[in-house]
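Everything on this sheet refers to the single structure shown next.
Residue numbers (our numbering): 1200 to 1797.
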């Protein structure tokens, strides 16, 4: 395959729990050279760790086995190489089960494992090193459910050179699943940073599955056939340029907008997107439609990486409970508020009487009243709402009491309480994320093929230097007329949001280049902070992305602690962009007429 000019890679999974139909679609219709699956997130690692504690044969993403097994003959026939991080914290068990299925089918497929990311057993040594958390400076917890390094491409690349047909990794950066085969096919060197940045961008765009083919898209009303949405394929060239597409005849669509939204998704600073093998500069990336459901992406630049790996640990911090009650009738929101306050007050009193100590935190939300908008907008006119109650406590017994006291609202509080959603809630462990850096030389990456283990050399000394990237002030905005009108941002832009730990990332892309000055004029960091004042606890950072007429915002400490520990309705910031798209943008009368004539 080394002489091929183009390489086709499809991604069949964006997270653990994604659809089970994507792999079959891509294998049968995608004309692939490589098939990749991305399963892991921080919360996934903690779930897998707890599963392995209960059963040493668990701890990996079994979905991978279930989806791959019926396709093994076709994969062998078409010589498709499979790469996945499905190994979780137990890649050996994942390989054992997959190998047994391969043997049953009498197929000749070589499985390689990339290991070395799991540092959970090294916690004592890590504490002795004085580790500090990246954002808070806190010490490493006394015990952790999982501790994993985000590995890069060297292990996967070595496995490819060893002739592996299926490569299973533990934790690695998602984009490495795509970058490694491109380096192998095009013979890119580990110091060829511009190509590495391009390959990493290809991986970033398809790593979330259908999010670049119409899923989670601003113009969702234009999407057809969500029931059979096409999963993404990149077709890469040796110069680093690549085309994003999907299998013919499938639902969804691939356009400038769908790809641009995913491009900015959760990248933070586009001038310094840190990965283990390269620091990417995406500011001047261009995205162009070159046909129906075909988009060309080019222009990524790269610099040497740092000498450290990012490490993510998860640890137990007490227990949480989430309960819901459906409430109907006149003044449902007022009823819900009264019930929520009463339950929290009553259970707090019971805990005090039993000497169990106070709640760590409590909150209630009234779903159906536009509660995610809080100070921006609140509707109390709905005649049916869902009361959502959340509490945390160091002791599980305290939350068992909380659970039992919710039901009495049906007969002992306001009228119109209909039922639980999902029955009486159960308390579950509250998992927190702890991130830190560790020198690369302390991580021993290995490749295991048929129990023959090979040490992998990692480039630990680089020429990376921290650089300051400041956006020039928007002082020369091309706006000549009086701004007498206004329209919601959605008329002028695409937008998508997600999380980076406890920070929300919102990417905004102008639909036309000439719309950008109006957007920049209206959306300053102060404007964003004011608009999201009900959730944001830190500063707002902003970066221009001129290659696509975009702006990327990072709202620091706006997610209530982040996905695993947050009590917010939207702990990963998924609806932040939807809220921002309602923001009114001042425009002139000429542009107003143009937009409203469409």
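Note that beta-carbon positions come from the ideal geometry of N, C-alpha and C, so glycine has one too.
Proximity to residue 1311 across 1335, 1438, 1301 and 1368 peaks at 1368, based on C-alpha coordinates.
The C-beta separation of residue 1718 from residue 1784 comes to about 6 Å, placing the pair in contact by the 8 Å criterion. A direct Cα-Cα distance of roughly 23 Å separates residue 1513 from residue 1753.
Looking at 1381, 1731, 1344 and 1414, the one whose alpha-carbon comes closest to that of residue 1242 is 1344. In this structure, the straight-line span from the alpha carbon of residue 1447 to that of residue 1228 is close to 7 Å.
DSSP places residue 1244 in the helix class (H, G or I) of the three-state scheme.
Residue 1224: member of the alpha helix (DSSP H) spanning 1221–1228, first to last residue.
Within the same chain, and ignoring the five residues on either side of residue 1354 in sequence, the residues whose Cβ sits closer than 6 Å to its Cβ are 1313, 1644, 1646 and 1655.
Going by beta carbons, residue 1422 and residue 1413 fall inside the 8 Å limit. The DSSP assignment places 1455–1463 as complete runs of the alpha helix (DSSP H) inside the stretch 1396–1480, in order along the chain (cut-off: 4 residues). Residue 1469 counts as buried, since at least 16 other C-beta atoms from the protein chains shown sit within 10 angstroms of its C-beta. If you draw a straight line from the Cα of residue 1266 to the Cα of residue 1773, it is about 27 Å long. Around residue 1550, the same chain offers 1597 as residues with beta carbons nearer than 6 Å, after the five sequence neighbours per side are excluded. A contact is defined here as three or more CB-CB pairs under 8 Å, and the stretch 1452–1462 meets this definition with respect to the stretch 1702–1721. DSSP, reduced to helix, strand and coil, places residue 1211 outside both helices and strands of the structure shown, so it counts as coil.
Put simply, of 1218, 1211 and 1232 the residue whose alpha carbon is nearest the alpha carbon of residue 1205 is 1232.
Excluding five sequence positions before and after residue 1250, the CB atoms of its chain that fall closer than 7 Å to its own CB belong to 1257 and 1258, given in chain order. Judged by their CB atoms, residue 1590 and residue 1689 are not nearer to each other than the 8 Å cut-off.
In this structure, the beta-carbon distance from residue 1697 to residue 1465 falls below 8 Å. Straight-line measurement puts the Cα of residue 1255 at about 21 Å from the Cα of residue 1648. By the criterion of at least three beta-carbon pairs nearer than 8 Å, the stretch 1532–1551 is not in contact with the stretch 1631–1644. Per DSSP, reduced to three states, the secondary structure at residue 1659 is coil, with no helix or strand assignment. Cβ-Cβ distances below 7 Å link residue 1777 to nothing in the same chain once the five nearest sequence neighbours on each side are left out.
DSSP, reduced to helix, strand and coil, places residue 1699 within a strand of the structure shown. The DSSP-derived three-state label of residue 1531 is helix. With a cut-off of 8 Å on Cβ pairs, the stretch 1488–1501 is not in contact with the stretch 1325–1336, counting fewer than three such pairs. Taking C-alpha positions only, residue 1416 is separated from residue 1571 by approximately 20 Å. For the options 1661, 1238 and 1747, the alpha carbon positioned closest to that of residue 1503 is the one of 1661. A residue is called buried once 16 or more other Cβ atoms fall within 10 Å of its Cβ, and residue 1475 is buried on that count.
In the three-state DSSP reduction, residue 1511 falls in the strand class (E or B). Per DSSP, the beta-bridge partners of residue 1783 are 1687. Shown here, residue 1311 sits in a strand according to DSSP, grouped into three states. In its chain, beyond the 5 residues on either side, 1628 have a beta carbon closer than 6 Å to the beta carbon of residue 1515. Excluding sequence positions up to five before and after residue 1440, its CB lies within less than 8 Å of the CB of 1397, 1495, 1496 and 1497, all in the same chain and listed in chain order. Pairing residue 1713 with residue 1499, the inter-Cα distance amounts to about 24 Å. In this structure, 1581 is the residue among 1755, 1626, 1592 and 1581 with its C-alpha nearest to the C-alpha of residue 1531.
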